[in-house]
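In the numbering used here, each residue's number is its place in the sequence shown (first place is 1) plus 79.
Reading through the structure tokens given below for one structure.
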Amino acid sequence: MPIADVPGYHAVRDHTEALARPLSAEDQVVQSMPDCSPTKWHRGHTTWFFEEFVLDRWAPGYERFHPKYQFLFNSYYEAVGARQPRPRRGMITRPSIDDVAAYRSAVDAAMDSVLTQSRDPDLVALVELGLNHEQQHQELLLMDIKHLLSLNPLRPAYRESSGASGAATPKPAGFVAHGGGLVEIGHNGHGFGFDNEGPRHSVYLEPFALADRLVTSGEWLEFMQDGGYERTDLWLSDGWAHINAEGWNAPLYWEQVNGTWQVFTLNGLAPVDPAAPVVHVSYYEADAFARWSGARLPTEAEWEVTARPAEAGPTAPGLHPRALVQDVAEGETSQWFGEVWQWTSSPYTPYPGFRVAPGAVGEYNGKFMVDQQVLRGSAAITPAGHARTTYRNFFTTKSRWAYSGVRLARDV
Ligand SMILES: [Fe+2]
Numbered sequence: 080m081p082i083a084d085v086p087g088y089h090a091v092r093d094h095t096e097a098l099a100r101p102l103s104a105e106d107q108v109v110q111s112m113p114d115c116s117p118t119k120w121h122r123g124h125t126t127w128f129f130e131e132f133v134l135d136r137w138a139p140g141y142e143r144f145h146p147k148y149q150f151l152f153n154s155y156y157e158a159v160g161a162r163q164p165r166p167r168r169g170m171i172t173r174p175s176i177d178d179v180a181a182y183r184s185a186v187d188a189a190m191d192s193v194l195t196q197s198r199d200p201d202l203v204a205l206v207e208l209g210l211n212h213e214q215q216h217q218e219l220l221l222m223d224i225k226h227l228l229s230l231n232p233l234r235p236a237y238r239e240s241s242g243a244s245g246a247a248t249p250k251p252a253g254f255v256a257h258g259g260g261l262v263e264i265g266h267n268g269h270g271f272g273f274d275n276e277g278p279r280h281s282v283y284l285e286p287f288a289l290a291d292r293l294v295t296s297g298e299w300l301e302f303m304q305d306g307g308y309e310r311t312d313l314w315l316s317d318g319w320a321h322i323n324a325e326g327w328n329a330p331l332y333w334e335q336v337n338g339t340w341q342v343f344t345l346n347g348l349a350p351v352d353p354a355a356p357v358v359h360v361s362y363y364e365a366d367a368f369a370r371w372s373g374a375r376l377p378t379e380a381e382w383e384v385t386a387r388p389a390e391a392g393p394t395a396p397g398l399h400p401r402a403l404v405q406d407v408a409e410g411e412t413s414q415w416f417g418e419v420w421q422w423t424s425s426p427y428t429p430y431p432g433f434r435v436a437p438g439a440v441g442e443y444n445g446k447f448m449v450d451q452q453v454l455r456g457s458a459a460i461t462p463a464g465h466a467r468t469t470y471r472n473f474f475t476t477k478s479r480w481a482y483s484g485v486r487l488a489r490d491v
């Protein structure tokens, strides 16, 4: 059914009306983009990471490229000292893009020199962390570019491309059962993993079932037309207060154009594709949708023991999650990686036995283990090879500028 024909869509506030209303608290936050950083900041910061954590220690006599870059490009490392406030990163008109490229080249050359002289395991571990950190920022800078472009009334495309997939609406999701019991989750120490992924440990699970595919935008439209954003009974108290304060009535980047739901993507504005996975929903919305569906969100342990690791290998990153090309076969599962990060009901807390590493690098993950939820999988914009079944992404319950979506779970 064309989106314009979805009954009830008229009840949802039109985009032009939304533009005319006074700025909500969120609009004001969005306009100043406190969570987002310019691309050159991401490039400077990932470069600084090597200077700070590798060259300072492993390149005797290395002279910092610029005395102020530590202040400019330190993100959140208290042990390293003061820094440019995150909401003001967008005001850094200098150094220029060329200056940041020169910084990058100088650090690359110094790294080359260090790595030809030593392969000490401690050095290699830091370089590997720096490379994985950089991959995280490759995804983050696309999230930030998208957010910035979405605020431009011209809705410019990052890259031109056709919008909708044209794929058929998938059949209703099936649920694949797991008997529960004592299972093991977490990184086993072989190959790279962030510190927050371990130690591997036992978890007891009651029997459960997970959906064999992701929730689609078409299903989200059904939720909307059924008053999903207007029914108190579906929402957590904090979520209900938040969507009302912010006037949320659809996922982030959805807007009505001439009575049709459109979605802003890195390919520009396009009609909402009902077959594609829904993306850019907050934890509150994911939780309300699950309740409306008579289901719930999976725990991270349920997700990890069900996810198919074969799909965790290199993917071909795109700019938007893709619709399934064919329905999932009975008993099979799909879309674990390379489409959207999947909200779990698990709070982001340390695994049993987790210890923060000594020194500034210990601030990488451990200090964020409160007031956030874990997301699993990987997104369309996640760099190839960066996904793992044990990977723990995390965001606050209100966040939705990440590529966050939903996979449902049920008790058995
Ligand atoms: Fe960083």
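Think of the CB as a built atom: it goes at the ideal place given N, C-alpha and C, for glycine as much as any other residue.
Quick check on residue i: buried or exposed, where buried means 16 or more other Cβ atoms within 10 Å of its Cβ?
| i | result |
| --- | --- |
| VAL159 | buried |
| LEU102 | With a pLDDT of 47 at LEU102, under the threshold of 50, the modelled position of this residue cannot be trusted; read the value that follows with caution. Exposed, because fewer than 16 other Cβ atoms sit within 10 Å of the Cβ of LEU102. |
| ASN275 | buried |
| ASN566 | Past the edges of the chain, shown from 80 to 491, lies residue 566, and the structure says nothing about it. |
| ILE498 | The first residue shown for the chain is 80 and the last is 491, placing residue 498 beyond what the model contains. |
| HIS269 | exposed |
| LYS446 | exposed |
| ASN74 | This structure gives no information on residue 74, because the portion of the chain shown stretches from 80 to 491. |
| GLY417 | buried |
| GLU334 | buried |
| ASP490 | exposed |
| THR469 | buried |
| GLY318 | buried |
| PRO330 | buried |
| ASP223 | buried |
| THR195 | exposed |
| TYR155 | exposed |
| GLU157 | exposed |
| ALA104 | Per-residue confidence for ALA104 stands at a pLDDT of 49, beneath the threshold of 50, marking its modelled position as unreliable; no derived number is given. |
| ASN444 | buried |
| PHE474 | buried |
| GLN421 | buried |
Give a single yes or no on whether residue i has its beta carbon closer than 8 Å to a heavy atom of ligand 1.
| i | result |
| --- | --- |
| SER154 | yes |
| THR195 | no |
| HIS216 | yes |
| THR125 | yes |
| PHE128 | yes |
| HIS145 | no |
| HIS212 | yes |
Grouping DSSP H, G and I as helix and E and B as strand, with all else coil, what is residue i?
| i | result |
| --- | --- |
| VAL485 | coil |
| TYR308 | coil |
| SER281 | strand |
| PRO350 | strand |
| LEU102 | Low confidence applies to LEU102: its pLDDT is 47, below 50, so where it sits in the model is not reliable enough to give any reading. |
| TRP327 | coil |
| GLY211 | Note that residue 211 is Asn in the sequence shown, not Gly. DSSP places ASN211 in helix when its eight states are reduced to three. |
| PHE343 | strand |
| TRP120 | helix |
| SER425 | strand |
| ALA189 | helix |
| LEU289 | strand |
| GLU239 | coil |
| PRO200 | helix |
| PRO388 | helix |
Report the option in the options whose CA atom is closest to the CA atom of residue i.
| i | options | result |
| --- | --- | --- |
| PRO286 | GLY397, VAL384, GLY438 and ILE171 | VAL384 |
| HIS359 | ASN337, SER372, PRO400 and GLY326 | PRO400 |
| HIS280 | ASN267, PHE271, THR125 and GLY272 | ASN267 |
| LEU487 | GLU381, PRO232 and GLU418 | GLU381 |
| TYR430 | ALA189, ILE264, GLU218 and MET190 | ILE264 |
| LEU345 | ALA458, HIS145, TYR182 and LYS225 | LYS225 |
| PHE254 | PRO377, ARG167, HIS124 and SER197 | PRO377 |
| ALA365 | GLN405, SER296, GLN196 and LEU228 | SER296 |
| GLY307 | GLY373, GLY272 and LEU348 | GLY373 |
| PHE273 | SER478, ARG471 and SER483 | ARG471 |
| VAL485 | GLU379, PRO437 and ALA236 | GLU379 |
Problem - the stretch 291-301 touching the stretch 402-416, judged by at least three CB pairs closer than 8 Å - result: yes
Handout entry: the stretch 196-208 contacting the stretch 126-138, beta-carbon criterion three pairs below 8 Å
Key = yes
Handout entry: Contact between the stretch 162-177 and the stretch 141-151 (3+ Cβ pairs under 8 Å)
Key = yes
Practice task
Please determine if the stretch 420-435 and the stretch 452-464 are in contact, where contact requires at least 3 C-beta pairs separated by less than 8 Å.
Solution key: yes
Practice task
Mind the definition here: the stretch 358-373 touches the stretch 431-439 only if three or more C-beta pairs lie below 8 Å; say whether that holds.
Solution key: Not touching, per the Cβ criterion.
Exercise for the section: Evaluate contact between the stretch 456-463 and the stretch 181-197, counting only Cβ atoms and requiring at least three cross-stretch pairs below 8 Å. Expected result: no
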